[in-house]
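K.L.:
Once you've had a glance at the structure underneath, I'll fire off some questions.
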Amino acid sequence: MGINEVVQIGSRIKKYRKSKGITQKEAALCAGIPYSTYSNYENNNREPNREQLQKIADALNVPLYELMGFDGSIRVHISPEHIEVESLIKKRASGKEITEEEYKKISDYIKRTNESIPRVQEAVKNLNSTIEELQENIMISDYRKLNNSGKEEARKRVNELTEIPRYTKPDDPPRE
145 MGINEVVQIG SRIKKYRKSK GITQKEAALC AGIPYSTYSN YENNNREPNR
195 EQLQKIADAL NVPLYELMGF DGSIRVHISP EHIEVESLIK KRASGKEITE
245 EEYKKISDYI KRTNESIPRV QEAVKNLNST IEELQENIMI SDYRKLNNSG
295 KEEARKRVNE LTEIPRYTKP DDPPRE
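Just so you know, we're using my numbering here: the sequence shown kicks off at 145 and counts up by one.
If you want it as structure tokens, here you go:
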């Protein structure tokens, strides 16, 4: 199962295109991709790669994250196993005895959880990178909405921010 079967990017592309009042051919032309390819994306028959999706987002003047269906929220799923182990730990903490089998469940769960920590750390690192990329895409999308005078003013303001230490990364010296 591809990602498009889950997130239905094509349906969102179609929704945004229609809201702009343009045809598939016009959208494909603006994105610089063949009409047949664009049509296949919009009809969820093919999955656009990141580069193609960015071209479509730019052509429709829509942030990439919106085409991908991200709304900024984070959802957490707590497994039934976690809930069970948590209740066993609370049972033991309250002074009640637990069986060897229950102790083994707790022990095995903790061991598996500890083994997954490096994968979770890598996932968090990737998530942070994705969040930064999404923020940049939002900023670029907002920038593209400006006229030439607004774009010049935005560049000046960003340059000014690079001169203020509290807004710059410690390892990045101010620009000259």
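Ideal placement from N, C-alpha and C gives every residue a C-beta, glycine not left out.
Look at the alpha carbon of LEU278 and the alpha carbon of PRO207, and state the distance between them as a whole number of angstroms.
P.N.:
When rounded, the distance between both Cα atoms is 8 Å.
K.L.:
Quick check on LYS313: does DSSP put it in helix, strand or coil?
P.N.:
Three-state DSSP puts LYS313 in coil, outside helix and strand.
K.L.:
Just confirm the distance between the C-beta atoms of LEU232 and GLU246, as a whole number of angstroms; I'd bet it's less than 8 Å.
P.N.:
That belief holds up - the Cβ atoms of LEU232 and GLU246 are roughly 5 Å apart, short of 8 Å.
K.L.:
When burial is assigned at 16 or more other CB atoms within 10 Å of the CB, is VAL268 buried or exposed?
P.N.:
Exposed: under 16 other Cβ atoms inside 10 Å.
K.L.:
Here's the rule I'm using: 16 or more other beta-carbon atoms within 10 Å means buried, otherwise exposed. How should GLU225 be labelled?
P.N.:
With fewer than 16 Cβ atoms within 10 Å of its Cβ, GLU225 is classed as exposed.
K.L.:
Are there three or more Cβ pairs, one per stretch, closer than 8 Å when the region 250-270 is compared with the region 306-313?
P.N.:
Taking 8 Å as the limit for Cβ pairs, the verdict is that the region 306-313 does not touch the region 250-270.
K.L.:
Got a sec, what are the start and stop residues for the alpha helix (DSSP H) THR257 sits in?
P.N.:
Note, THR257: alpha helix (DSSP H), 244-288.
K.L.:
Can you give me the C-alpha to C-alpha distance between PRO192 and GLU170, rounded to a whole angstrom?
P.N.:
The straight-line gap from Cα to Cα measures roughly 18 Å.
K.L.:
Mapping DSSP to helix, strand and coil, what is ASN205?
P.N.:
Looking at ASN205 - three-state DSSP - the assignment turns out to be coil, as it is neither helix nor strand.
K.L.:
CB-CB under 7 Å to ASN187, same chain, minus the five flanking residues each way: which ones, in chain order?
P.N.:
The answer, listed in chain order, is GLY154.
K.L.:
In chain order, what residues of the same chain have a beta carbon less than 8 Å from the beta carbon of GLY324, not counting five sequence neighbours either side?
P.N.:
Only positions 145 to 320 of the chain appear in this structure, which leaves residue 324 out of reach.
K.L.:
State the CB to CB distance for the pair GLN168 and TYR182, rounded to an integer number of angstroms; the pair is presumed to be in contact (CB under 8 Å).
P.N.:
Rounded, the Cβ-Cβ distance is 6 Å, consistent with contact.
K.L.:
Tell me the residue span of the alpha helix (DSSP H) that contains PRO178.
P.N.:
Unbroken run through PRO178: none, as it is neither H nor E.
K.L.:
Beta-carbon within less than 6 Å of PRO262's beta-carbon, same chain only, minus the 5 sequence neighbours each way: which residues are those?
P.N.:
So no residue of the chain qualifies.
K.L.:
Since LEU290 contacts ALA298 with CB under 8 Å, what's their CB separation in whole angstroms?
P.N.:
Confirmed, Cβ separation roughly 6 Å.
K.L.:
Take the Cβ of ILE200 as the centre, count every other Cβ of all protein chains shown within 10 Å, and call the residue buried at 16 or more, exposed below.
P.N.:
It is buried - the Cβ of ILE200 has at least 16 other Cβ atoms within 10 Å.
K.L.:
Is it buried or exposed, ARG161, if we count other Cβ atoms within 10 angstroms and call 16 or more buried?
P.N.:
By the neighbour-count rule (16 or more Cβ atoms within 10 Å), ARG161 is buried.
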